[in-house]
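Numbering (mature numbering (1 follows the signal peptide of the UniProt record, and there is no 0)), first residue to last: -24 to -1, 1 to 113.
First comes the structure, then the notes that go with it.
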């Protein structure tokens, strides 16, 4: 009986460790396009930030000269970027399927931020539509 209780306590402790670790890592924020058409996002100016687009791949990120100190694409289609700016600025994100997002970035010191943007329209995927309509249900 004592062995069973000890085993139960160990399993619960391990489960709680995984739960709290997973919760600390998932700081991704999903953001839908606001009514005015421009995202207002807080970003870190001393750590890298990541922005992705739901259902699409980011191909470019642009801003005024000197605002972005580093920018590169990730394997999963997002963009990782850094900025040393102290003042708010606008950046533009372009995707593989022709979407362009305007972002009013407000920099502050702190942990890097992660966002997943979604536009007002879904991305057309003709190849997927052909495959889906050809399959029997």
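Think of the CB as a built atom: it goes at the ideal place given N, C-alpha and C, for glycine as much as any other residue.
Only a predicted model underlies this, so the values are computations on that prediction, with no experimental measurement involved.
Contact between residue 26 and residue 56 holds, with the beta-carbon distance rounding to 5 Å and staying under 8 Å.
Secondary structure of residue 105 (DSSP, three-state): helix.
About 13 Å separates the Cβ atoms of residue 84 and residue 65, ruling out a contact at the 8 Å cut-off. For residue 38, the pairing in a beta bridge is given by DSSP as 68.
Just measuring C-alpha positions, the residue of 14, 13, 10, 19 sitting nearest residue 4 is 19. Contact annotation, residue 29 with residue 75: C-beta distance approximately 7 Å; criterion of less than 8 Å satisfied.
For the pair residue 21 and residue 49, the CB atoms are not nearer than the 8 Å cut-off. When the Cα atoms are used, residue 34 and residue 78 turn out to be separated by approximately 13 Å.
Inter-residue distance for residue 47 and residue 7 is about 21 Å (C-alpha atoms, whole angstroms). Taken atom to atom, the span from the alpha-carbon of residue 23 to that of residue 82 is near 14 Å. Taking 8 Å as the upper bound for CB-CB distance, residue 32 and residue 72 are in contact here, some 6 Å apart.
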